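Peer 1: Here it is, the structure, as C-alpha coordinates.
Residue numbers (the UniProt record's numbering): 1 to 203.
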(Lines of atoms letter the chains of each structure in order from A and count residues from 1; the text may use other names and numbers.)
(Lines give C-alpha, C1' and ligand atoms only; values in the text may rest on other atoms or scores of the structure.)
Protein backbone atom coordinates (compact mmCIF):
# COMPACT_ATOMS: atom_id res chain seq x y z
CA UNK A 1 0.00 0.00 0.00
CA UNK A 2 2.83 2.29 0.92
CA UNK A 3 4.63 1.53 -2.34
CA UNK A 4 1.42 2.17 -4.30
CA UNK A 5 1.04 5.58 -2.66
CA UNK A 6 4.64 6.45 -3.59
CA UNK A 7 3.97 5.35 -7.15
CA UNK A 8 0.85 7.53 -7.24
CA UNK A 9 2.83 10.56 -6.06
CA UNK A 10 5.52 9.92 -8.68
CA UNK A 11 2.98 9.66 -11.49
CA UNK A 12 1.14 12.76 -10.26
CA UNK A 13 4.39 14.69 -10.09
CA UNK A 14 5.33 13.61 -13.61
CA UNK A 15 1.93 14.68 -14.95
CA UNK A 16 2.27 18.01 -13.15
CA UNK A 17 5.72 18.55 -14.64
CA UNK A 18 4.52 17.78 -18.17
CA UNK A 19 1.52 20.08 -17.71
CA UNK A 20 3.73 22.84 -16.40
CA UNK A 21 5.99 22.50 -19.44
CA UNK A 22 3.05 22.67 -21.83
CA UNK A 23 0.93 25.36 -20.19
CA UNK A 24 3.12 28.47 -20.74
CA UNK A 25 2.84 28.33 -24.54
CA UNK A 26 -0.90 27.78 -24.31
CA UNK A 27 -1.24 30.60 -21.81
CA UNK A 28 0.81 32.95 -24.00
CA UNK A 29 -1.37 32.19 -27.00
CA UNK A 30 -4.52 32.76 -24.97
CA UNK A 31 -3.15 35.96 -23.49
CA UNK A 32 -2.26 37.34 -26.94
CA UNK A 33 -5.74 36.59 -28.24
CA UNK A 34 -7.40 38.10 -25.22
CA UNK A 35 -5.09 41.09 -25.44
CA UNK A 36 -5.97 41.71 -29.09
CA UNK A 37 -9.69 41.47 -28.32
CA UNK A 38 -9.29 43.76 -25.34
CA UNK A 39 -7.42 46.30 -27.44
CA UNK A 40 -10.11 46.34 -30.14
CA UNK A 41 -12.83 46.50 -27.51
CA UNK A 42 -11.04 49.32 -25.71
CA UNK A 43 -10.61 51.28 -28.96
CA UNK A 44 -14.28 50.81 -29.85
CA UNK A 45 -15.32 52.02 -26.40
CA UNK A 46 -12.97 55.01 -26.64
CA UNK A 47 -14.25 55.89 -30.11
CA UNK A 48 -17.87 55.72 -28.94
CA UNK A 49 -17.12 58.06 -26.04
CA UNK A 50 -15.15 60.29 -28.40
CA UNK A 51 -18.07 60.55 -30.81
CA UNK A 52 -20.30 61.61 -27.93
CA UNK A 53 -17.79 64.24 -26.79
CA UNK A 54 -17.30 65.58 -30.33
CA UNK A 55 -21.08 65.94 -30.64
CA UNK A 56 -21.78 67.68 -27.34
CA UNK A 57 -18.64 69.86 -27.50
CA UNK A 58 -19.90 71.44 -30.73
CA UNK A 59 -16.98 70.38 -32.95
CA UNK A 60 -19.36 70.08 -35.91
CA UNK A 61 -20.36 73.72 -35.50
CA UNK A 62 -17.14 74.88 -37.17
CA UNK A 63 -15.51 71.79 -38.67
CA UNK A 64 -18.53 70.49 -40.62
CA UNK A 65 -19.66 72.65 -43.57
CA UNK A 66 -23.32 73.52 -43.85
CA UNK A 67 -25.70 73.19 -46.76
CA UNK A 68 -29.14 74.61 -47.33
CA UNK A 69 -31.96 72.35 -46.23
CA UNK A 70 -35.75 72.73 -46.08
CA UNK A 71 -35.46 74.54 -42.74
CA UNK A 72 -32.40 76.60 -43.65
CA UNK A 73 -28.69 75.88 -43.15
CA UNK A 74 -27.98 72.38 -41.82
CA UNK A 75 -24.85 70.30 -41.26
CA UNK A 76 -23.60 68.57 -44.40
CA UNK A 77 -22.77 65.21 -42.84
CA UNK A 78 -21.41 63.93 -46.16
CA UNK A 79 -18.50 66.26 -45.40
CA UNK A 80 -18.55 65.80 -41.64
CA UNK A 81 -15.55 67.32 -39.84
CA UNK A 82 -13.71 68.03 -43.13
CA UNK A 83 -13.31 71.76 -42.41
CA UNK A 84 -13.47 74.68 -44.81
CA UNK A 85 -13.97 73.38 -48.37
CA UNK A 86 -10.78 73.96 -50.36
CA UNK A 87 -12.70 75.05 -53.47
CA UNK A 88 -14.84 77.59 -51.61
CA UNK A 89 -13.46 81.14 -51.66
CA UNK A 90 -14.29 83.58 -48.91
CA UNK A 91 -16.93 86.11 -49.97
CA UNK A 92 -15.80 89.42 -51.41
CA UNK A 93 -16.28 91.43 -48.22
CA UNK A 94 -14.87 94.65 -46.84
CA UNK A 95 -12.29 92.92 -44.65
CA UNK A 96 -10.90 96.16 -43.29
CA UNK A 97 -14.23 96.98 -41.66
CA UNK A 98 -15.04 93.40 -40.66
CA UNK A 99 -11.69 92.73 -39.01
CA UNK A 100 -12.57 95.25 -36.34
CA UNK A 101 -16.00 93.70 -35.78
CA UNK A 102 -15.63 89.98 -36.46
CA UNK A 103 -17.96 87.89 -38.58
CA UNK A 104 -18.52 84.39 -39.96
CA UNK A 105 -17.43 84.92 -43.55
CA UNK A 106 -19.04 82.00 -45.35
CA UNK A 107 -22.49 80.48 -45.62
CA UNK A 108 -21.06 77.24 -44.30
CA UNK A 109 -19.63 78.98 -41.19
CA UNK A 110 -16.18 77.51 -41.82
CA UNK A 111 -14.28 80.78 -42.33
CA UNK A 112 -14.11 83.64 -39.86
CA UNK A 113 -12.87 87.23 -40.06
CA UNK A 114 -11.65 89.23 -37.07
CA UNK A 115 -8.68 91.22 -35.77
CA UNK A 116 -6.54 88.11 -36.29
CA UNK A 117 -7.26 88.10 -40.04
CA UNK A 118 -9.14 85.21 -41.65
CA UNK A 119 -9.17 81.73 -40.12
CA UNK A 120 -10.49 78.54 -41.67
CA UNK A 121 -11.89 75.51 -39.86
CA UNK A 122 -9.44 72.60 -40.07
CA UNK A 123 -10.03 69.18 -41.58
CA UNK A 124 -10.09 66.82 -38.60
CA UNK A 125 -11.10 63.62 -40.39
CA UNK A 126 -8.80 60.59 -40.55
CA UNK A 127 -7.54 61.59 -44.01
CA UNK A 128 -3.89 62.56 -44.52
CA UNK A 129 -5.11 66.09 -45.31
CA UNK A 130 -6.74 66.06 -41.90
CA UNK A 131 -5.29 64.43 -38.78
CA UNK A 132 -4.66 61.03 -40.35
CA UNK A 133 -0.91 61.30 -39.79
CA UNK A 134 -1.11 62.90 -36.36
CA UNK A 135 0.13 61.16 -33.25
CA UNK A 136 -1.81 61.16 -30.01
CA UNK A 137 0.90 63.39 -28.55
CA UNK A 138 0.27 65.98 -31.28
CA UNK A 139 -3.43 65.92 -30.50
CA UNK A 140 -2.70 66.57 -26.83
CA UNK A 141 -0.42 69.48 -27.80
CA UNK A 142 -3.17 70.95 -29.99
CA UNK A 143 -5.89 70.78 -27.35
CA UNK A 144 -3.80 71.54 -24.28
CA UNK A 145 -1.38 74.14 -25.68
CA UNK A 146 -3.41 75.42 -28.63
CA UNK A 147 -0.60 74.83 -31.10
CA UNK A 148 -1.43 74.57 -34.80
CA UNK A 149 -1.19 71.00 -36.11
CA UNK A 150 -0.12 69.90 -32.64
CA UNK A 151 3.47 71.02 -33.20
CA UNK A 152 4.94 72.89 -30.24
CA UNK A 153 6.97 75.28 -32.38
CA UNK A 154 3.95 76.30 -34.50
CA UNK A 155 1.73 79.35 -34.12
CA UNK A 156 -1.20 79.47 -31.74
CA UNK A 157 -4.55 78.31 -33.06
CA UNK A 158 -6.81 81.14 -34.16
CA UNK A 159 -10.40 81.96 -33.13
CA UNK A 160 -12.97 80.58 -32.98
CA UNK A 161 -11.12 77.39 -31.86
CA UNK A 162 -11.87 77.22 -28.11
CA UNK A 163 -8.77 75.30 -27.01
CA UNK A 164 -8.77 77.32 -23.77
CA UNK A 165 -11.88 75.31 -22.85
CA UNK A 166 -10.86 71.99 -24.38
CA UNK A 167 -7.57 71.95 -22.45
CA UNK A 168 -9.64 71.14 -19.35
CA UNK A 169 -10.66 67.78 -20.78
CA UNK A 170 -9.22 64.81 -18.92
CA UNK A 171 -6.50 62.70 -20.53
CA UNK A 172 -9.03 59.93 -21.10
CA UNK A 173 -11.48 62.30 -22.79
CA UNK A 174 -8.81 63.64 -25.15
CA UNK A 175 -7.70 60.09 -25.94
CA UNK A 176 -11.32 59.16 -26.67
CA UNK A 177 -11.85 62.13 -29.01
CA UNK A 178 -8.63 61.25 -30.83
CA UNK A 179 -9.69 57.59 -31.17
CA UNK A 180 -13.01 58.67 -32.67
CA UNK A 181 -11.48 61.13 -35.12
CA UNK A 182 -9.03 58.43 -36.23
CA UNK A 183 -12.02 56.19 -36.97
CA UNK A 184 -13.93 58.73 -39.08
CA UNK A 185 -14.38 58.45 -42.84
CA UNK A 186 -11.35 60.10 -44.46
CA UNK A 187 -12.21 63.14 -46.56
CA UNK A 188 -9.56 64.61 -48.85
CA UNK A 189 -9.76 68.36 -48.30
CA UNK A 190 -6.78 70.71 -48.10
CA UNK A 191 -7.90 73.66 -45.99
CA UNK A 192 -6.37 77.06 -46.92
CA UNK A 193 -3.76 78.62 -44.66
CA UNK A 194 -5.06 81.48 -42.49
CA UNK A 195 -4.77 85.01 -43.87
CA UNK A 196 -3.06 87.66 -41.74
CA UNK A 197 -4.95 90.87 -40.91
CA UNK A 198 -4.80 93.60 -43.52
CA UNK A 199 -3.05 95.88 -41.05
CA UNK A 200 -0.22 93.35 -40.80
CA UNK A 201 -0.16 92.83 -44.59
CA UNK A 202 0.30 96.55 -45.15
CA UNK A 203 3.42 96.68 -42.98
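From the three backbone atoms N, C-alpha and C, an ideal C-beta is built for every residue, glycine too. As the structure is a prediction and not an experimental result, all values here were calculated from the model.
Which of the three DSSP states is assigned to residue 119 in this structure?
Peer 2: The answer is strand: DSSP assigns residue 119 an E or B state.
Peer 1: How should residue 150 be labelled, buried or exposed, when 16 other C-beta atoms within 10 angstroms of its C-beta is the threshold for buried?
Peer 2: Burial call: buried.
Peer 1: Below 7 angstroms between beta carbons: does that hold for residue 83 and residue 63?
Peer 2: Yes. Within cutoff.
Peer 1: Pick out whichever of 142, 81, 96 and 108 has its Cα sitting closest to the Cα of residue 72.
Peer 2: Checked all of 142, 81, 96 and 108; the closest Cα to residue 72 is 108.
Peer 1: So, residue 129 versus residue 190, is the Cβ gap smaller than 7 angstroms?
Peer 2: In contact: residue 129 and residue 190 (Cβ atoms closer than 7 angstroms).
Peer 1: Taking the straight line between their C-alpha atoms, what separation do you get for residue 77 and residue 174?
Peer 2: Spanning the two alpha carbons is a distance of roughly 23 angstroms.
Peer 1: Identify which residue in 43, 120, 101 and 177 has its Cα closest to the Cα of residue 194.
Peer 2: Taking only the C-alpha atoms, the option nearest residue 194 is 120.
Peer 1: What separation, rounded to the nearest whole angstrom, lies between the Cα atoms of residue 165 and residue 140?
Peer 2: Their Cα atoms are separated by approximately 13 angstroms.
Peer 1: I'd like the list of long-range same chain contacts for residue 29, defined as Cβ closer than 7 angstroms, with 5 residues on each side in sequence excluded.
Peer 2: Low confidence applies here, because residue 29 scores a pLDDT of 46, under 50, leaving its location unreliable and the question unanswered by this model.
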